[in-house]
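Residue numbers (our numbering), protein chains in the order written: chain D, 1 to 508; chain V, 1 to 358.
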């Protein structure tokens, strides 16, 4: 193997009480493409932000080309040769400026540039960079007029202009077409042949198969697997990333009740394969799949946030087609959204007010809210879900992540429903709270159908009677959670049979 | 409405925010945040009572209330838009438009007080509706939409009379003379004084302020609509995902703001007895200042009806006291600005430290 270019030893990082990176050690050899895999919240983004100078590490050491590396700012990291292309394209380009300014923006920020813009020089330089990259763009065109793919390529081209020693690409192909992605891959190969170390973050198996020379799996802030050599063990890598420390929670599958949800020929996005799916009362089904496999699109189309392209959904035998969450709730379909900080928690409210938000009218007479009545519900729920707090009027912000999540769950368990959708209910939740939540979901499942959308396999195994695996916005496989063969699930998750010619769909 | 929940990978920093400040400690900073502003208010009253001759007494107190009545009513309207995370810059011009409309209805069109009042309220509601629709449907940012509305109304209210104030006997654009006059009943709205402990003590606008303040407080604090509006202001996406009709509540907030501003305008017209194009210029800034100062009251750190009323009162007391101590008039705006800045520091810096935010 080549010499080590960047070496991380025992790197630690915490946000508040949340330890995001735990004694992480990793070395990145020159001339290699290291693919980093990890589920949401595994700590990938934090690792990238530490390397790119956005966050400072709490402990441990990083050396770059043998020298200590501790960038205080992104521009310092860039000057040291660590260049990052971030996942969110809009972080990478400034739409109101032209292509040339975007390509040279870091250079304008450098202290030695001078006060006035050197327009002609800039355009010439920008054209040089663009042609090196094979970008056929008018450098005077405003970026706002360009599509997503071009914007992404500009962000990457700008990174290249710095002669990076370590190039970090965070999901760079998520908005590229097949030919554009291929152009990027060729470029990556050229760079790694020149001795650049590439850290490539992706969930897309086809990309990983195409480009990886090493795979590193991350889980809970630690490296959970390192795969290198002539033949890479892709399934082993996914396994290490999702982790299935066999849970001791044994699921006894109850007899399903009468059918609640009936889906036939549902096509989530243009070009996806239509699928059928049924769900009965007293049944808990986990929906799993990699990021971008269509889990969220499925959940959102059931809750009226997205409109499926075609297909038929029926609830209790009645046609179901809703356009707003209100309409969905009126039909007895509740959804606890993922990413609670952005989508669920009302930070200004206490526990009680957060819990009673969706069904406030049940606590109100002539619109006047009865505090006593809602407090009673809140106290019942605090007890039922063993929420750790001092009282029902604690501000939601004083609770730990797991307890906040319990409050969000209580919000929807307070009323009877027909279909409960739980999108990532275990996100950012410690193991004990996770057990509590899983148990509560199963305990209350009797009179409704329950769909739990999770990206981690052991969460699915812990909570579900059945597991369906999604891939390319369709159902790839279905398993009964009984002596289930993990390898089969993993095969389905990684889509081990890549479609012929590796047809790429935008936003796959 | 289609929302994408997918592109927001949880930043680890977001989850545990504030997790390390377990429980409100009742330390000195906490006490300062909660009661600092009210203590300051009491201190101010004591200070002026001692040093300003004639400050302490029912007549002076009523004068203060009267001076803040119209501003306070407008500020309560702004508070409603602040609650849903919006802002209404058009209230000042809605109030002056309402004043001009009331005058025009009675003086030029010779309508009854009742018709004038209905017309003004309808105008306020309509402008609020348009503001709300601009913000909700056409996605114009709230500050810009209401700023545009403000300019539009400042111009519009002068068109019918070609820029002249409206009073009985004025010459109309077509050369005729306005024969109508303000109905005495209408004038009473701004001028009547109720007997309260002393004869002729309590002016009608003060009663309006107290009643409206109570209504807004009840609406925001005790009803489910108020609760949902606060939820929208704190996390719009979460509110929408729990089935709240976010757009409707936002529009309602702007309509409340418009209607309250039109009431303020009518009281102004009734007090002046004419449609005066030069008055009401300070209404917007004073009302906004009162609502923002209200954030600091009781450490609420959010818009609230009680705080807004206290904020309005605070400014009123300060100005009245300074006037009675012969401070020159031009220092008033300076003092108001200073109070506002201090209140905002109270709200944002100290309470952010309290919640352990980053």
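From the three backbone atoms N, C-alpha and C, an ideal C-beta is built for every residue, glycine too.
Give a yes or no on whether 9 Å exceeds the smallest Cβ distance from residue 267(D) to chain V. Sequence index remark: in the first chain, residue 267(D) carries index 267 (1-based). It does not: the Cβ of residue 267(D) has no partner Cβ on chain V nearer than 9 Å.
Can you find a CB in chain V that lies within less than 9 Å of the CB of residue 12(D)? Within the first chain, numbered from 1, the residue matching residue 12(D) stands at position 12. It does not; no Cβ of chain V falls within 9 Å.
Residue 101(V) to residue 74(D) span [Cα, whole Å]: The count along the second chain starts at 1 and reaches residue 101(V) at position 101. The count along the first chain starts at 1 and reaches residue 74(D) at position 74. Near 58 Å, if we compare the C-alpha coordinates of residue 74(D) and residue 101(V).
Exposed unless 16 or more other CB atoms sit within 10 angstroms - verdict on residue 79(V): Indexing the second chain from 1 puts residue 79(V) at position 79. Residue 79(V) comes out buried.
Name the chain V residues that come within less than 7 Å of residue 360(D), Cβ to Cβ? In the first chain, counting from the first residue as 1, residue 360(D) sits at position 360. Those are 224, 227, 228, listed as they occur along chain V.
Where does residue 236(V) sit, in a helix, a strand or coil, going by DSSP? The residue labelled residue 236(V) in the question sits at position 236 within the second chain. DSSP places residue 236(V) in helix when its eight states are reduced to three.
Could you tell me which uninterrupted beta strand (DSSP E) segments, each at least 3 residues in length, are contained entirely in the stretch 330-367 of chain D, listed from first to last along the chain? 333-336
Would you tell me roughly how many angstroms separate the C-alpha atoms of residue 153(D) and residue 65(D), rounded to the nearest one? For this step, residue 153(D) is matched to residue 153 along the first chain. For this step, residue 65(D) is matched to residue 65 along the first chain. Taking the straight line joining both Cα atoms gives about 27 Å.
Mind listing which residues of the stretch 299-329 of chain D have their C-beta closer than 7 Å to chain V's C-betas, in chain order? 300, 305, 306, 324, 325, 326, 329
Are the Cβ atoms of residue 7(D) and residue 254(D) separated by less than 9 Å? Within the first chain, numbered from 1, the residue matching residue 7(D) stands at position 7. Within the first chain, numbered from 1, the residue matching residue 254(D) stands at position 254. No. Outside cutoff.
Between the C-alpha atoms of residue 225(D) and residue 394(D), what's the straight-line distance to the nearest angstrom? By one-based count along the first chain, residue 225(D) stands at place 225. By one-based count along the first chain, residue 394(D) stands at place 394. Distance between the alpha carbons of residue 225(D) and residue 394(D) is about 41 Å.
How close, in whole Å, do the beta carbons of residue 489(D) and residue 457(D) come, if the pair is a contact with beta carbons under 8 Å? By one-based count along the first chain, residue 489(D) stands at place 489. By one-based count along the first chain, residue 457(D) stands at place 457. Between residue 457(D) and residue 489(D) the Cβ distance is about 6 Å, and since that is below 8 Å, they are a contact.
Distance, Cα to Cα, residue 172(V) vs residue 299(V)? Start at 1 with the first residue of the second chain, and residue 172(V) comes out as number 172. Start at 1 with the first residue of the second chain, and residue 299(V) comes out as number 299. Using only the alpha carbons, I get a separation of about 53 Å.
So which residues on chain V does residue 364(D) lean against when the C-beta distance must stay under 8 Å? By one-based count along the first chain, residue 364(D) stands at place 364. Per Cβ cutoff of 8 Å: 223, 224.
Inspect the beta-carbon positions of residue 461(D) and residue 201(D) and report whether they are closer than 9 Å. Stepping through the first chain from its first residue, residue 461(D) is reached at position 461. Stepping through the first chain from its first residue, residue 201(D) is reached at position 201. No; because the gap between Cβ atoms is not below 9 Å, this pair is not in contact.
Just checking: is the beta-carbon of residue 178(V) within a distance shorter than 9 Å of some beta-carbon in chain D? One-based indexing of the second chain puts residue 178(V) at position 178. Chain D, which has no Cβ nearer than 9 Å to the Cβ of residue 178(V), makes this no.
Quick check on DSSP: helix, strand or coil for residue 369(D)? The residue you call residue 369(D) lines up with position 369 of the first chain. Strand, per DSSP.
Spatial neighbours of residue 108(D) within its chain, please: C-beta separation below 8 Å, excluding the five flanking residues on both sides. The residue you call residue 108(D) lines up with position 108 of the first chain. 101, 117.
Answer yes or no: do residue 73(V) and residue 189(V) have a C-beta to C-beta separation smaller than 9 Å? Stepping through the second chain from its first residue, residue 73(V) is reached at position 73. Stepping through the second chain from its first residue, residue 189(V) is reached at position 189. Result no, Cβ atoms of residue 73(V) and residue 189(V) do not sit closer than 9 Å.
What are the boundary residues of the alpha helix (DSSP H) that residue 463(D) is part of? As a position in the first chain, residue 463(D) is number 463, starting the count at 1. Looking at the DSSP string, the run of the alpha helix (DSSP H) that includes residue 463(D) is 457-463.
Chain D beta carbons: is any one of them nearer than 9 Å to that of residue 245(V)? Here residue 245(V) refers to the residue found at position 245 of the second chain. So, interface residue.
Cα-Cα separation, residue 85(D) to residue 332(D): Working through the first chain from its first residue, we reach residue 85(D) at position 85. Working through the first chain from its first residue, we reach residue 332(D) at position 332. If you take the alpha carbons of residue 85(D) and residue 332(D), they lie about 43 Å apart.
Measuring straight from C-alpha to C-alpha, what distance separates residue 240(D) and residue 481(D)? Walking along the first chain from the start, residue 240(D) turns up at place 240. Walking along the first chain from the start, residue 481(D) turns up at place 481. Their backbone Cα atoms lie some 20 Å apart in a straight line.
Below 9 Å between beta carbons: does that hold for residue 359(D) and residue 222(V)? By one-based count along the first chain, residue 359(D) stands at place 359. By one-based count along the second chain, residue 222(V) stands at place 222. No, these two residues do not count as a Cβ contact at 9 Å.
Between the stretch 105-138 of chain V and chain D, which residues of the former have a C-beta closer than 7 Å to a C-beta of the latter? none
Within 9 Å (strictly less), CB to CB, does residue 344(D) reach chain V? Position 344 of the first chain, counted from the start, is the residue given in the question as residue 344(D). Yes, residue 344(D) counts as interfacial toward chain V.
Determine, using beta carbons only, whether residue 242(V) comes closer than 9 Å to chain D. Here residue 242(V) refers to the residue found at position 242 when the second chain is read from its first residue. Closer than 9 Å to some Cβ of chain D, the Cβ of residue 242(V) qualifies, so yes.
Contacting residues, own chain, Cβ-Cβ under 6 Å from residue 474(D) (five flanking each side not counted): For the purposes of this step, residue 474(D) is taken as residue 474 along the first chain, with counting starting at 1. Around residue 474(D): 272, 273, 275.
If you pair each beta-carbon of the stretch 117-125 of chain V with each one of the stretch 177-185 of chain V, do three or more pairs fall below 8 Å? no
Does residue 426(D) have its Cβ less than 9 Å from a Cβ in chain V? Along the first chain, one-based indexing puts residue 426(D) at 426. Answer no: the Cβ-Cβ gap between residue 426(D) and chain V never drops below 9 Å.
What residue does the alpha helix (DSSP H) around residue 308(V) start on, and which one ends it? By 1-based counting over the second chain, the position of residue 308(V) is 308. Here the alpha helix (DSSP H) through residue 308(V) covers 305-324.
Answer yes or no: does any C-beta atom of chain V fall closer than 9 Å to that of residue 357(D)? To locate residue 357(D), count along the first chain from 1; it is residue 357. Yes, residue 357(D) counts as interfacial toward chain V.
What is the rounded straight-line gap between the Cα of residue 166(D) and the Cα of residue 14(D)? Here residue 166(D) refers to the residue found at position 166 of the first chain. Here residue 14(D) refers to the residue found at position 14 of the first chain. One C-alpha to the other measures close to 24 Å.
Span of the alpha helix (DSSP H) holding residue 120(V)? Within the second chain, the letter at position 120 stands for residue 120(V). First-last of the alpha helix (DSSP H) with residue 120(V): 113-136.
Per DSSP, which residues does residue 201(D) bridge with? Please list them. Reading the first chain from its first residue, position 201 is the one you call residue 201(D). 36(D), 170(D), per the DSSP bridge assignment.
Rounded straight-line distance, which links the Cα of residue 277(D) to that of residue 310(D): Residue mapping note: residue 310(D) aligns to position 310 of the first chain, counting from 1. Residue mapping note: residue 277(D) aligns to position 277 of the first chain, counting from 1. Going by the C-alpha atoms only, they are around 14 Å apart.
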